[in-house]
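Under my numbering, residue 489 is the last one in the sequence shown; the count climbs by one each step, no gaps. I have placed the structure first, in the form of C-alpha cells, so that the comments after it can refer back to it.
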Amino acid sequence: MTASLSAEEYRELIQVALATSTDADTVDPEPRTLFTPDSHRLALDPDVTVVRGARGVGKTVWFKALQDGELRALAANDYQLARLKSVETLAGYGTELRPDSYPGPASLGRMLEDGTAPYDIWMTVLLRALGTPGIQQPPSWPERVRWLRDHTDEQDEALATADQRAGEDKATRLILFDALDRLHTSREQANRLIEGILRLALELRTRTRNLRAKVFIRPDMFDSPRLHFADASKLTSNAADLTWSVPNLYGLFFHQLGNAESPHASTFRSATGIWQPAEANRYLLPRNLMGDQDVQREVFTGIAGQWMGANHRRGHTYTWLPNHLMDGIGQTSPRSFLRALTSANEDTRGRFAGHQYALHWDGIRRGVQTASRTRVAEVAEDLPWVQTAMKPLAGQQVPIDQETIVNCWQEDDLATTLRGGGKETDESQVRTGPRNSDDYDEIIRELIEIGIISRRATGKLDLPDVYRIAFDLGRKGGVPRIQG
Numbered sequence: 006m007t008a009s010l011s012a013e014e015y016r017e018l019i020q021v022a023l024a025t026s027t028d029a030d031t032v033d034p035e036p037r038t039l040f041t042p043d044s045h046r047l048a049l050d051p052d053v054t055v056v057r058g059a060r061g062v063g064k065t066v067w068f069k070a071l072q073d074g075e076l077r078a079l080a081a082n083d084y085q086l087a088r089l090k091s092v093e094t095l096a097g098y099g100t101e102l103r104p105d106s107y108p109g110p111a112s113l114g115r116m117l118e119d120g121t122a123p124y125d126i127w128m129t130v131l132l133r134a135l136g137t138p139g140i141q142q143p144p145s146w147p148e149r150v151r152w153l154r155d156h157t158d159e160q161d162e163a164l165a166t167a168d169q170r171a172g173e174d175k176a177t178r179l180i181l182f183d184a185l186d187r188l189h190t191s192r193e194q195a196n197r198l199i200e201g202i203l204r205l206a207l208e209l210r211t212r213t214r215n216l217r218a219k220v221f222i223r224p225d226m227f228d229s230p231r232l233h234f235a236d237a238s239k240l241t242s243n244a245a246d247l248t249w250s251v252p253n254l255y256g257l258f259f260h261q262l263g264n265a266e267s268p269h270a271s272t273f274r275s276a277t278g279i280w281q282p283a284e285a286n287r288y289l290l291p292r293n294l295m296g297d298q299d300v301q302r303e304v305f306t307g308i309a310g311q312w313m314g315a316n317h318r319r320g321h322t323y324t325w326l327p328n329h330l331m332d333g334i335g336q337t338s339p340r341s342f343l344r345a346l347t348s349a350n351e352d353t354r355g356r357f358a359g360h361q362y363a364l365h366w367d368g369i370r371r372g373v374q375t376a377s378r379t380r381v382a383e384v385a386e387d388l389p390w391v392q393t394a395m396k397p398l399a400g401q402q403v404p405i406d407q408e409t410i411v412n413c414w415q416e417d418d419l420a421t422t423l424r425g426g427g428k429e430t431d432e433s434q435v436r437t438g439p440r441n442s443d444d445y446d447e448i449i450r451e452l453i454e455i456g457i458i459s460r461r462a463t464g465k466l467d468l469p470d471v472y473r474i475a476f477d478l479g480r481k482g483g484v485p486r487i488q489g
C-alpha cells in the first residue's frame, strides 16, 4: 500500500486535518471528524454511570457529542448501540457557563458556604432540567434549592412522573456531568460536590427505570478516599474507562486525514483502501486501517519514514512515537499524540522542507518535547502538588533509586511546602493533595497510581518521557530535556 501524496502534500493535509483537533474545550465535535474507537463503546451505554478518563482522552468530546442529536445518531450507528437513538440528554454540569441549566462555580461556592447540601443542589438541577413545574419559578439557584427543601414530598412525585413519561416515550432521560475539576477551587469542596453528583446518579440507577446519569470524571477524583459512601461500590462495578490503544491512536490520525477539508483527503483515501461513505460527508476507515498494526505501520512509514534516524538503531517511527508519549500506566492520550504530530509537522516544514518524507525524525522528537511540555502544564493545573514534588528532582537521571528521591525531598523540605509552610507555598497545592504530605513513600505510591512515575522490576523508579522531559530529568540515550 503506497500513498500517492508527495511529502509537501502530506504536510499540507496534516496541517489542515489537525488544525483544531486537540482542544475539546473550545472546539465542538462535528459529524465529519467524529471518531469512534471500539474501546469507547461501553462508556456510551446509557446504563454505564461513571466514565473515567484522564486529561485529553475524550471526556468532553463525548459529553458534547451526546448532547447533539446528529452526533449521537452517528455514534449509535458506528457502535451498533441502538439505545443511544432513544436517549434524551440533559446537561448537569460542564465547561460552558449555562446558568439556566446549572449553577456555576461562584454560585456553587456561595451555596456551600451557606450550608446547602450538595445532593440538594444536583437534585434541583435535575428536576429543573426535567421540567418540574414548581422549581421553574424561583429566579436563582439558592431559591430553587430552598423550594426543593420545602417540597420534599413533591420531589419523589416529580421523579416518578418523569420516569413514567420517559417510559411511555420509550426514551431514557440522561443527565450528563463533565468538568468536575472546575466545580470549586478547593479540592475538599469539589469532593463534596462530586459526592452529591454520585449519590444522585446512584439513586437514579437504583430507583428509576428510565432516568440515568453519566458522570465523566478523572480517575484520581473518582478513586479519592473521600468519595466512599454507602453502596458506592455499585457505581464502581458499573464504571467504564476511556482508553486508547496504539491502533486507536493511529486510527484517529488517519480518520482525521481522510476526513479533512482538503483536496488531498480524497487522494489519501484512495491510496489507503476502501473508505465507506457515511452520514454528513463523513468517511469511515477501512477495518484494517483501524485495527491492523502492520497496515497502519506501512501507511505511517510512507508519511514519516521507517526509522527514527538513519537506521534501525533509533527505533521504528510507528512504535517510537506512542511509546514515548505513554504515561506510567501505559496510556497515551490522543491529545498528546495529535499535538506531537502537529508540532512534528510544523518543525519539519520549518527546518527540513526538502526531506523525502512529510515528517522528519528530529521533528517527531521535538513534537514529543512539545507534547511533554503541554502534558506537564495540564498536570500542573489538575494536580499542582505533583509539579511541586517533581521540582526538587530536576537534573537527576532515571532510572533512579527511591532513596535518592526521598533524599532530594528531605533536603528541600517538601513536606513543609506541601503543608503550606514553605517559601513556595501555593494554596491550591495544599488543597489538591497529596493524601499524606508527611509520608514520602506514600507520595511515591500515589505518583505511581496516577502514572507520573513507574517502578521497574529492579525496584528502581522511572519517569515516562511524556513527563520526564518537561520535568527536566535526564535519561542516557533518551529524548533530550527541553532547554531554556
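Virtual Cβ for every residue (Gly too), placed ideally from N, Cα, C.
**Q.** the region 323–339 touching the region 251–267, judged by at least three CB pairs closer than 8 Å
**A.** yes
**Q.** At least 3 beta-carbon pairs within less than 8 Å: the region 144–158 vs the region 230–248
**A.** no
Q. Any chance the region 473–480 sits against the region 379–397, with 3 or more Cβ pairs inside 8 Å?
A. yes
Q. For R223 versus D246, is the C-beta spacing smaller than 9 Å?
A. Translated into positions along the sequence shown, residue 223 becomes position 218. Translated into positions along the sequence shown, residue 246 becomes position 241. The answer is no: Cβ separation not under 9 Å.
(Q) Let's test the definition: count the other Cβ atoms within 10 Å of the Cβ of H317 and tell me whether it reaches 16, buried, or not, exposed. (A) Along the sequence shown, one-based indexing puts residue 317 at 312. Classification of H317: exposed, given that the 10 Å Cβ count is below 16.
Q) Can you give, in chain order, each stretch of the alpha helix (DSSP H) that sits fully within the region 205–266 and has at least 4 residues? A) 224–227, 238–241, 251–263
Q.
Quick check on A111 - is its C-beta less than 9 Å from some C-beta in chain D?
A. The structure shown contains no chain D, having only a single protein chain.
Q.
I'd like the span of the alpha helix (DSSP H) that includes T41, first residue to last.
A. Residue mapping note: residue 41 aligns to position 36 of the sequence shown, counting from 1. From DSSP, T41 is part of no alpha helix (DSSP H); its letter is neither H nor E.
Q) Under the rule that 16 or more other beta-carbon atoms within 10 Å means buried, what is G120, buried or exposed? A) Walking along the sequence shown from the start, residue 120 turns up at place 115. When all chains shown are included, G120 counts as exposed.
Q.
For a quick check, are the C-beta atoms of G320 and G314 less than 9 Å apart?
A. For the purposes of this step, residue 320 is identified with residue 315 of the sequence shown, where counting begins at 1. For the purposes of this step, residue 314 is identified with residue 309 of the sequence shown, where counting begins at 1. Cβ atoms of G320 and G314: closer than 9 Å.
Q | A539 versus L289 - alpha carbon distance | A | The displayed coordinates of the chain run from 6 to 489. Any statement about residue 539 would go beyond what the structure contains.
Q) Any idea which residues DSSP pairs G314 with across the strands? A) If you number the sequence shown from 1, residue 314 lands on position 309. Paired residue(s): none; G314 is not in a bridge.
(Q) Can you confirm whether the region 203–219 touches the region 158–177 when touching is taken to mean that 3 or more C-beta pairs between the two stretches lie within less than 8 Å? (A) yes
Q: Would you decide whether D261 is buried or exposed? Buried here means 16 or more other CB atoms lie within 10 Å of its CB.
A: Numbered from 1 along the sequence shown, position 256 holds the residue referred to as residue 261. The amino acid occupying residue 261 in the given sequence is Gln; Asp does not appear at that position. By the neighbour-count rule (16 or more Cβ atoms within 10 Å), Q261 is buried.
**Q.** Rounded separation between T324 and T347 - CA only
**A.** One-based indexing of the sequence shown puts residue 324 at position 319. One-based indexing of the sequence shown puts residue 347 at position 342. Between T324 and T347, the C-alpha separation is close to 17 Å.
Q: May I ask you to list the residues that DSSP assigns as paired with N93?
A: As a first step, residue 93 is located in the sequence shown; it is residue number 88 there, counting from the start. The sequence shown places Glu at residue 93, rather than the Asn named in the question. DSSP lists R178 as partners of E93.
Q.
Using a 10 Å radius around the Cβ and a threshold of 16 neighbouring Cβ atoms, would you call R133 buried or exposed?
A. Sequence index remark: in the sequence shown, residue 133 carries index 128 (1-based). The residue is buried, with at least 16 neighbouring Cβ atoms inside 10 Å.
Q: To the nearest angstrom, report how far apart L113 and Q141 are at their CA atoms.
A: Residue numbering aside, residue 113 sits at position 108 when the sequence shown is read from its first letter. Residue numbering aside, residue 141 sits at position 136 when the sequence shown is read from its first letter. Between L113 and Q141, the C-alpha separation is close to 18 Å.
Q.
In whole angstroms, give me the CA-to-CA distance for A70 and F221.
A. Locating residue 70 in the sequence shown gives position 65, where the first residue counts as 1. Locating residue 221 in the sequence shown gives position 216, where the first residue counts as 1. Roughly 13 Å between the two C-alpha positions.
Q) Skipping 5 residues on each side, what residues in its chain have a beta carbon closer than 8 Å to that of A345? A) To locate residue 345, count along the sequence shown from 1; it is residue 340. Excluding residues within five positions, the ones whose Cβ falls inside 8 Å are L326, L330, I369, G372, V373, T375, A376.
(Q) For R287, which residues in the same chain have their Cβ closer than 7 Å to its Cβ, ignoring the five residues on either side in sequence? (A) Here residue 287 refers to the residue found at position 282 of the sequence shown. Excluding sequence neighbours, R287 sits near P36, R37, N264.
Q) What's the gap between the Cα of S91 and the Cα of G483? A) Residue 91 sits at position 86 when you count from the first residue of the sequence shown. Residue 483 sits at position 478 when you count from the first residue of the sequence shown. Distance between the alpha carbons of S91 and G483 is about 51 Å.
Q.
Under DSSP, the beta strand (DSSP E) around Q281 begins and ends at which residues?
A. In the sequence shown, residue 281 corresponds to position 276, counting from 1. Residues 281–283.
Q. When you compare only the Cα positions, how much space is there between R436 and E193?
A. Here residue 436 corresponds to residue number 431 of the sequence shown, with the count starting at 1. Here residue 193 corresponds to residue number 188 of the sequence shown, with the count starting at 1. Legend: pLDDT at R436 = 46, less than 50; position of this residue unreliable, no value from coordinates given.
**Q.** Sub-9 Å separation of R378 and H365 beta-carbons
**A.** Position 373 of the sequence shown, counted from the first residue, corresponds to residue 378. Position 360 of the sequence shown, counted from the first residue, corresponds to residue 365. Not in contact: R378 and H365 (Cβ atoms no closer than 9 Å).
Q: With a cut-off of 8 Å on the beta carbons, I'd call T129 and L153 a contact; round off their distance for me.
A: As a first step, residue 129 must be located in the sequence shown, where it is residue number 124. As a first step, residue 153 must be located in the sequence shown, where it is residue number 148. Yes, they are in contact, since the Cβ atoms of T129 and L153 sit about 5 Å apart, within 8 Å.
Q. Should N2 go down as buried or exposed, given a rule of 16 or more other Cβ atoms within 10 Å for buried?
A. With the chain running from 6 to 489 in the structure shown, residue 2 is simply not present.
**Q.** Cβ-Cβ separation, Q72 to L181 (assumed contact under 8 Å), whole Å
**A.** Reading the sequence shown from its first residue, position 176 is the one you call residue 181. Reading the sequence shown from its first residue, position 67 is the one you call residue 72. About 7 Å separates the two Cβ atoms, so the contact holds.
Q.
For P123 and E200, I'd like the C-alpha separation in whole angstroms.
A. To locate residue 123, count along the sequence shown from 1; it is residue 118. To locate residue 200, count along the sequence shown from 1; it is residue 195. Cα-Cα distance, rounded: 8 Å.
Q.
Determine whether the beta carbon atoms of A59 and Q415 lie at a separation below 9 Å.
A. Translated into positions along the sequence shown, residue 59 becomes position 54. Translated into positions along the sequence shown, residue 415 becomes position 410. It is not a contact, given that the beta carbons lie outside the stated cut-off.
Q: Report all residues from its chain with a CB closer than 8 Å to the CB of H360; omit the five preceding and five following residues, and keep chain order.
A: For this step, residue 360 is matched to residue 355 along the sequence shown. Result list for H360: A12, T353, in chain order.
Q: Measure the C-alpha to C-alpha separation of R16 and P42 and round it to an integer number of angstroms.
A: Within the sequence shown, the letter at position 11 stands for residue 16. Within the sequence shown, the letter at position 37 stands for residue 42. Between R16 and P42, the C-alpha separation is close to 25 Å.
Q) In terms of alpha-carbon separation, which member of Y445, T409, D417 lies closest to K465? A) If you number the sequence shown from 1, residue 465 lands on position 460. The option with the nearest alpha carbon to K465 is T409.
Q: Could you say which of E14, T65, L18 lies nearest to L39 if we only look at CA atoms?
A: As a working mapping, residue 39 is identified with position 34 in the sequence shown. If we check each option's Cα against that of L39, T65 comes out closest.
Q. Under the rule that 16 or more other beta-carbon atoms within 10 Å means buried, what is H45, buried or exposed?
A. Translated into the one-based positions of the sequence shown, residue 45 becomes position 40. So H45 counts as buried.
Q. Where does Q402 fall in DSSP's three states?
A. Your numbering for residue 402 matches position 397 in the sequence shown. Three-state result, Q402: strand.
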